[in-house]
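Engineer:
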Amino acid sequence: MKSILGTLATLFLINTSFAQELFVAKDLTAEKQFTVNIEGPMVDKKGNLYVVNYQKDGTIGLVKPNGETSLFVELPAGSTANAIQFDSKGAMFLADFSGHNVLKVDPKTKKVTVHCHNDSFNQPNDIAINRKNQLFASDPNWKESKGQIWRIDTDGKATLLEKDMGTTNGIELSPDDRTLYVNESVQRKVWKYNVDSVGNIYNKQLFTQFADGGMDGMKCDAVGNLYISRWGTGKVVVFSPEGKQLREIPLKGKNVSNIIFGGKSGKTAFVTLQDRGCLETFQVDVPGKRFMKK
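In mature numbering (1 follows the signal peptide of the UniProt record, and there is no 0), the protein residues as written are -19 to -1, 1 to 275.
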């Protein structure tokens, strides 16, 4: 009996210890490897982690699982990436806020081309992508605290979906592609829209709002929980699809700019910190949406 109780106690301690490791941030890279514009972490199908603005603006860095960093590609003069997405064929897309473009990069040749340019763009900030390889871009005007939302189809054509918003920043699609989340950093509001089969949005609703701090990038996990980067507060806040706050995850840095899920099981979160110029990481209980079982 004592032996059984002892075994159960040991298992309990092991499980408790493991549970305590969830949502506990630690450093992945050394500080100041990236500029103050570190943003847009993204993982490709092979598990490679890419992050914008490595050592100087206008670059994309490659981060190994052990935290080693290296230059992946340097962008054309005048271009600065703020977000990364990959389509189903493996092509890399970048929100180029200083060049007012969405760029396309061939990961094999590293050739950079303009996928979409529109004179009505403010400065494309963040991008989400659906199963049809349609891009959805936030497009803030920081000087006037305004913003827009665009859809960019596979042929590079841009369609304005929403205008006269607040300072649009983080943008994300639900796991089923039927809900689009967009936040307004200055106004501290997160909106959600229904998305139809064409890629148009409708039925705008307030998802949540905050009384202080800022917001930046957002990502969904496989069950639709939304992870929101709370710039200036040093936290990532998690909400259920119904808008209920589930938890706050404290980080070492304060200026949290974006988050992505990776690792073998999709349960490793990678977070970019602009005040530290590095990435922090923590383990989660549900994998990112890109790791859903199909």
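The beta-carbon is built from N, C-alpha and C at its ideal position, and this holds for glycine as well.
Note that the structure is predicted; figures quoted are calculated from it, not measured.
Within a Cβ cutoff of 6 Å, which residues of the same chain sit near N164, ignoring the five residues on either side of it in sequence?
Structural biologist: Apart from sequence neighbours up to five positions away, the residues of its chain that approach N164 with a beta-carbon distance below 6 Å are N150, G151, V171 and M196, ordered along the chain.
Engineer: Count the other CB atoms within 10 Å of the CB of Q226; is the residue buried (16 or more) or exposed (fewer)?
Structural biologist: exposed
Engineer: Under a Cβ-count criterion, where at least 16 other Cβ atoms within 10 Å of its own Cβ denotes burial, should K92 be classed as buried or exposed?
Structural biologist: exposed
Engineer: Helix, strand or coil: which one does DSSP assign to S(-3)?
Structural biologist: Here S(-3) scores only 43 on pLDDT, less than 50, and its place in the model is too uncertain to base an answer on.
Engineer: Apply the 10 Å Cβ neighbour rule to V5 and answer buried if 16 or more other Cβ atoms are within range, or exposed otherwise.
Structural biologist: exposed
Engineer: Note the first and the last residue of the continuous beta strand (DSSP E) segment covering G42.
Structural biologist: T40 to V44
Engineer: Return yes when the Cβ of G80 is within less than 8 Å of the Cβ of S60, no when it is not.
Structural biologist: yes
Engineer: In whole angstroms, what is the alpha-carbon distance linking N34 and E55?
Structural biologist: 9 Å
Engineer: Opposite F263 in the DSSP bridges: which residues?
Structural biologist: Beta-bridge partners assigned by DSSP to F263: A250.
Engineer: Between L154, G247 and G258, which has its C-alpha nearest Q209's C-alpha?
Structural biologist: As written in the sequence, residue 209 is Ile, which differs from the Gln given in the question. It is L154 whose Cα lies nearest to the Cα of I209.
Engineer: Any idea if N111 is buried or exposed, counting beta-carbon neighbours within 10 angstroms, 16 or more meaning buried?
Structural biologist: buried
Engineer: Determine the burial state of V252: buried for a count of at least 16 other Cβ atoms within 10 Å of its Cβ, exposed for fewer.
Structural biologist: Buried, because 16 or more other Cβ atoms sit within 10 Å of the Cβ of V252.
Engineer: On the three-state DSSP scale, how would you describe K270?
Structural biologist: helix
Engineer: With DSSP run on the structure shown, which of helix, strand or coil describes P88?
Structural biologist: coil
Engineer: Using the rule of at least 16 other Cβ atoms within 10 Å of the residue's Cβ for burial, across every protein chain shown, is S166 buried or exposed?
Structural biologist: buried
Engineer: Of all the options T262, V237 and K270, which has the alpha carbon lying nearest to the alpha carbon of D8?
Structural biologist: Among T262, V237 and K270, the Cα nearest to that of D8 is on T262.
Engineer: Which one of G247, T140, G213 and Y183 has the shortest CA to CA distance from L232?
Structural biologist: G213
Engineer: What does the alpha-carbon distance come out to for the pair K45 and F15?
Structural biologist: 14 Å
Engineer: Taking the beta strand (DSSP E) that H96 belongs to, which residues open and close that run?
Structural biologist: V93 to H98
Engineer: Check whether the stretch 63 to 81 touches the stretch 102 to 121, taking contact to mean three or more Cβ pairs, one atom from each stretch, closer than 8 Å.
Structural biologist: yes
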